[in-house]
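For reference, the structure is listed below as structure tokens.
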Amino acid sequence: MSNGSEAAEVLERIGAERALGMYTKLVEIRRFEERIHFLFLEGNVPGTVHQYIGQEACAVGVCSALSEGDVIASTHRPHGHAIARGLPMRSIAAELYGRATGTARGKGGSMHLGDLSKGMLPAIATVGDNIPIVAGVALAFRLRHEPRVAVSFFGDGAANEGAFHEGLNCAAVYNLPAVFVCENNLYGASTSIQKVVKVENIADRAASYGMRSDIGDGMDVFDVYERASNAIGAARGNGGPTLLELKTFRYSGHSRRDPNNYMAKEEKSYWKARDPIALCEAALSKCGFLKPKLAAEIQASVAKEVDEAIEFALQSPFPEEQELYDGLYTSIEVPR
Amino acid sequence: MSNGSEAAEVLERIGAERALGMYTKLVEIRRFEERIHFLFLEGNVPGTVHQYIGQEACAVGVCSALSEGDVIASTHRPHGHAIARGLPMRSIAAELYGRATGTARGKGGSMHLGDLSKGMLPAIATVGDNIPIVAGVALAFRLRHEPRVAVSFFGDGAANEGAFHEGLNCAAVYNLPAVFVCENNLYGASTSIQKVVKVENIADRAASYGMRSDIGDGMDVFDVYERASNAIGAARGNGGPTLLELKTFRYSGHSRRDPNNYMAKEEKSYWKARDPIALCEAALSKCGFLKPKLAAEIQASVAKEVDEAIEFALQSPFPEEQELYDGLYTSIEVPR
Amino acid sequence: MRMSIAEGLRFAIDGCMAEDQSVFCLGEDIGVPGGFGGAFTVTLGLESKYRDRIIDTPISEAAIFGMACGAAAMGMRPIADVQYGDFLLCAASQIVNQIAKLRYMSGGAIGLPLVMRAPVGVTGRGAQHSQNLESFFLSCPGIKIVAPSTAYDAVGLMRAAIRDPDPVLVFEHKLLYGSKGARTEKGTFDASSEIPDEYFEVPIGRAQLLRRGDHVTLVGSLLMSHFNMLAAEELAGEGIQCDVVDLRSIWPLDIELLHESVKKTGRIVIVEEGPKQGGVGAEIASGIAELIPDYLLAPIVRVAAPNTPAPFSPPLERAYVPRPSAIARRVRDLMSAS
Amino acid sequence: MRMSIAEGLRFAIDGCMAEDQSVFCLGEDIGVPGGFGGAFTVTLGLESKYRDRIIDTPISEAAIFGMACGAAAMGMRPIADVQYGDFLLCAASQIVNQIAKLRYMSGGAIGLPLVMRAPVGVTGRGAQHSQNLESFFLSCPGIKIVAPSTAYDAVGLMRAAIRDPDPVLVFEHKLLYGSKGARTEKGTFDASSEIPDEYFEVPIGRAQLLRRGDHVTLVGSLLMSHFNMLAAEELAGEGIQCDVVDLRSIWPLDIELLHESVKKTGRIVIVEEGPKQGGVGAEIASGIAELIPDYLLAPIVRVAAPNTPAPFSPPLERAYVPRPSAIARRVRDLMSAS
Ligand SMILES: Cc1ncc(C[n+]2csc(CCOP(=O)(O)OP(=O)(O)O)c2C)c(N)n1
Ligand SMILES: Cc1ncc(C[n+]2csc(CCOP(=O)(O)OP(=O)(O)O)c2C)c(N)n1
Ligand SMILES: [Mg+2]
Ligand SMILES: [Mg+2]
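Chains as they are written, first to last, in numbering that gives the first Met the number 0: chain D, 0 to 335; chain Y, 0 to 335; chain F, 0 to 337; chain P, 0 to 337.
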């Protein structure tokens, strides 16, 4: 989508409402994550957090292309996916705070956000492990002849796990309705992808499985949306899976207080100059979908939503100690 | 090596002695395996066996290109590799019979044949697991700046294990002196490769790792030798690893009494028409290295070696019951 | 009808697949025409009946169990298997980190009605095809573990496992299958049973008393239950009467039934095919020692394999696995010391 | 010099790397300039001293441990680590099927002098970053397992592990590292020690008596040893004197020292951070019940986490892990009942 007239065409196709919806989601994720970051540094958020700032266009672009029955799975870095998939921000915040009103009644925490009733499995924080699981979700859809699609989000680092290889190969072999979205943010924790992968693109690995692949601009929500739509459409139409690589960047530390000292300054500034929200804003303004006033309104309403979500979380009760024993088995009590 | 004059050139380069050595090894493996097959069906060999008949050119071609300090690792199907690597046939036979004179004093059995002092790790019967281990062997060579090469033998089926992916990627990333030899015999147990792999060649997967690859005729020992020599030479000269795929076929059942009913008749006869021993014999005869008399002598001497090996095994004592507790830890007794 | 365990498992799987479209099988070499029906013939022939639901996989254990997990989360009822129990370890993260934890991590929102099958037992194949994995997975909250020692139990426990809403790991024993044809196993033990015509379940979490006696409790599972019965017979000739308990379920462990038995006998010998260290026997011994120590007339005895991998050499292997005679000897020693 | 556990481990690794060219480290994010020095700073800075021997890997646990296995078979002394113990399961086949068995399978011909490192402990991260894996690997003959609860032990056990000719699995506790900077861990416990200038080893396979008392034996490892000491202090105020035993080694298990202690006290409370089912506590309890039951004045008690994965929510997590007060309560109950 480098070229202006093409971009305009795409936006026309998408339409103002949907495009503004995406913009709003980008802002929601950014503001939510900024607030969580601040609260975490204050010592207010329990556990650890892996934040999504910088990568918002990936989650939003892909999730905007999904239908209701579709199912996504995320990783240790799931806040953005959860918001993009439409889980209520308040339930997400409550889960981060370990409250009974959280998406998993506080049992899961930041790294296991999810709500299957909203189309998101609990996030899988074991790098790579969600990939075969998503193949299995897609297999269920295939076996039941349901026109549903399963999407796995994972990082560049996950592409070096055995689970990636096995999961992608199986998805290809069974021609499953799945999309494997690799958010290539150039680092797995502190490790540059150049140290651990010798090919230019993770997408190149699709060839090993006879799988379709595509590469998108992970900072451009509309490009992601278009490519995801194609991949999802193909999957739904029995056309099999796609490995969709999105080139992106994380502004936040890998986790906790990580100051990203292993990243070069120029690298950071290069990517920040392509900020997904700024890019989206520019595109929307240019085609007239977004006026400064509307932008301000959206910003304000998101700020309010974030406030309320945090407030809701903080006001919510913790689960009762007795809940420790709930939710493991369906048919029996936890044996003592 | 389809073309006659080229084949002659290759043989010239190899020289009569080495070429006849390879021929002899092919015959050794074939005769040994035939005898073991017979003895197994008689109920005379303990445990289970995975036999190598049909694939002889792979082990012999590759191992003939190795030097003394090099190290190979094999799989559940290791008899051919052990013979090709030069382990004494009698120690191999004794191991199959669980005798104290076996390569592992009877502790390992058919699936764990090996003798590190002769350049062969105990075979690893967990499909795929030898691949990262061989990367580790090569890493040791690299760290110590030794001009040694590590070779992993594995099957087409193993190429779908996560360990293949992780091991090959690491070998590529560290540019290790290793060769990964995939003996593609078209089946993993009863499962046709076409059911479980959507690309034409396993070698195509090397591209995922930025690794060199090559494809050889696994029924033509001299073709295998030439290609293996190149890969091994490159590895030794700091040129990094190669994924070398050899197209081959197993005549024997997968294991035990398997009658191969899942293979089509035509498939079997197609491959048997390209029998590695017959091909080798023809090439050697054509260029004058092998005369019928010499062939008969070799056959006779191999037959004798096989007789003696089996005899040796059967005459050898079993390990003492007490040995159960030996060889687990180096520095302590087995805790009771 | 009389069935072997392999036939019984097939019968149970077949019955459940016929009843419920959501049941399907996933594994290596399980449905190849002309093939094996899995490593031990359990699914033989089912592929022609349920073409789409007997799914041959690549040799990719992590994917097999990962896919089973994902499909089960969507309400399917997968039956995933490995060819040898040892290879569960190739999928250990999927089993322990995902399958066992997913429901809990979701706050109880997700159900995972899936079955995992794994053949175990020390059977002439050396260290990598012989391990008894029961004790590994006993450390893993979130899965149930069963181990049928007869065809009756195989049918009933498999049916219960498939219909169970939670993940169930089924350990099967190579020497008990009674597999036929090219897959016949040397040294096989007859574990066949008369199978009722009507469907039935054997409840998960309940052990079974195989034989009554007042002097000592002998407990084990799979092949060891057969060995315990042989030992008990031998001992009966000498006037020592054993309560022989077959665990049937490794988890939940039916410690109540064991308590009842030990309250009567005052003595317990726990027999395990795998190494003693960190074994299932340790959990049983603890469950007795913690709760009913006062009933013990003699120390608890664990009979198990040495704390080594399985050796290949036949005489070593014979010395490795507890034999009926060794079990009987330990019981005799215990009786004469107390 | 006073050191934290993270510093102590680094000190020991550094010392061994300086002495012996065959020692090298292999893991994720262990040597990236500007990075973490591994998940908990243990290798921080070593990359600038040993450029070639601090090897950053892809996120490929099976390859990390597989490569360590291969390199060790060639006589190198690799130190392989995972960022969280839970991910040992991604490499379980390499660890259990290969590393633990290779020497035995070779008839004793091959040595595998390798070290595996894994942080464990329930520390605010939810079910997949909290598991205590000790009991899994306790079922695995062929590896030794140690667990340092102080910096002194960390130095001495790490040095012993690196120089040991066999595979050693080192469990480290997230709340005991004392890691600094951005990797500081909330809720950290001070486990620092004065470290002698001379190199020393803490022998593998030997437990340590941390505190003497005649009434009850309290045994545990890692964080639980600290909790046991706190409980013992609390109890001492009430006149209950505890023998506190820190396991130091999970395998081989120093059952002799425990026997000695229990012969004196007649009572034992076994404390474990992970779930009770199939835990290390079961092996300890069995080792007491089997061999010295006559010395017991009261039933053996196991205090452990519930048989569930670790929950995330802070109050649930607090209730999940045995606390000093809960340990003290169980001891009190035991004393008053016997
Ligand atoms: C199996 C496994 N190994 C290691 C880790 C520790 N870890 C958590 S996130 C991470 C980096 C992941 O990198 P990538 O896949 O690129 O995702 P990103 O963090 O960049 O979103 C690592 C090593 C883990 N969670 N799971
Ligand atoms: C991890 C693992 N999974 C399954 C098996 C059972 N098994 C043994 S050999 C085999 C087929 C291997 O096929 P391939 O790699 O092509 O080697 P081939 O037998 O053709 O030589 C299988 C599935 C195993 N040994 N290890
Ligand atoms: Mg990344
Ligand atoms: Mg094959």
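Quick reminder that beta carbons are idealized off the backbone N, C-alpha and C, glycines included.
One finds nothing in chain Y with a Cβ atom closer than 9 Å to the Cβ of D:E244; even the nearest lies about 13 Å away.
For the C-beta of P:I109, the chain Y residues within less than 8 Å are, from N- to C-terminus, L115, L120, P121.
Pairwise C-beta distances place the stretch 165-172 of chain Y in contact with the stretch 203-221 of chain Y, as three or more of them are shorter than 8 Å.
Taking non-hydrogen atoms of ligand 4 into account, the C-beta of Y:G127 is found less than 7 Å away from none of them. Residue nearest to F:G273 within the set F:A150, F:R158, F:N131, F:W250 is F:N131 (criterion: CA-CA distance). The continuous alpha helix (DSSP H) containing D:T23 extends over residues 15-40. In the DSSP annotation of this structure, the continuous segment of the beta strand (DSSP E) that includes F:D242 starts and ends at 241-245. Under the DSSP assignment, D:N129 falls in the alpha helix (DSSP H) whose first and last residues are 129-142. At a cut-off of 8 Å, the C-beta of D:D274 has no neighbouring C-beta in chain Y.
Secondary structure in the stretch 220-265 of chain D: the alpha helix (DSSP H) runs of 4 residues or longer, each lying completely within the stretch, are 220-235 in chain order. CA-to-CA, the gap between Y:A162 and D:D114 works out to about 32 Å. D325, G326, L327, Y328, T329, S330, I331, V333: these are the residues of the stretch 314-333 of chain D whose beta carbon lies less than 8 Å from some beta carbon of chain F, given in chain order. For Y:Y186, the shortest C-beta to heavy atom distance toward ligand 4 is below 7 Å.
Cβ contact annotation for Y:F39 (same chain, cutoff 7 Å, sequence separation greater than five): V48, in chain order. Burial check for D:N237: the Cβ neighbour count within 10 Å stays below 16, so the residue is exposed. By the criterion of a C-beta distance shorter than 8 Å, Y:I91 is surrounded in its chain by F31, H78, A81, I82, G101, T102, L112, A308, once the five residues flanking it on both sides are discounted. Distance from the Cα of Y:P45 is smallest, within the candidate group F:F199, F:L315, F:Y103, for F:L315.
Among the CB atoms of chain Y, none fall inside 8 Å of the CB of D:S191. In chain order, S285, A288, E289, P292 make up the part of chain P whose C-beta sits under 9 Å from the C-beta of F:I299. Of all residues in the stretch 67-94 of chain F, the ones placed with a Cβ closer than 9 Å to any Cβ belonging to chain P are D85, F86, L87, L88, C89, A90, A91, S92, Q93, I94, in chain order. Chain F has no Cβ within less than 8 Å of the Cβ of Y:Y250. Residues of the stretch 136-150 of chain P that bring their beta carbon within less than 9 Å of a beta carbon in chain F comprise F136, L137, S138, C139, P140, G141, in sequence order. In terms of Cβ geometry, F:D80 and F:G26 form a close pair [threshold 8 Å]. In the DSSP assignment, D:C181 is bridged to D:F153, D:E244. The Cβ of F:D163 sits closer than 8 Å to at least one Cβ of chain D. Contact between F:I161 and F:V22 holds: their C-beta atoms lie close to 6 Å from each other, under 8 Å.
Taken from the Cβ of F:Q82, at least one heavy atom of ligand 2 lies inside 7 Å. Residue environment for D:R29: buried (at least 16 other C-beta atoms within 10 angstroms of its C-beta). If you check each beta-carbon in the stretch 153-168 of chain D against every beta-carbon of chain P, the ones closer than 7 Å belong to G156, A157, N159, E160, G161. Taking one beta carbon from each stretch, the stretch 254-273 of chain F and the stretch 314-330 of chain F have 3 or more pairs nearer than 8 Å; the two touch. Taking 7 Å as the cut-off, the C-beta of D:G154 counts as close to a heavy atom of ligand 3.
In the structure shown, Y:R98 falls within a coil segment according to DSSP collapsed to helix, strand and coil. Counting the other Cβ atoms within 10 Å of the Cβ of F:N96 gives 16 or more, which makes it buried. The beta-bridge partner set that DSSP reports for D:A188 is empty.
In the same chain as P:G155, and ignoring 5 residues on each side of it, the C-beta atoms closer than 7 Å to its own belong to F199, E200, V201, in chain order.
Judged by DSSP in its simplified three-state form, F:R116 adopts strand.
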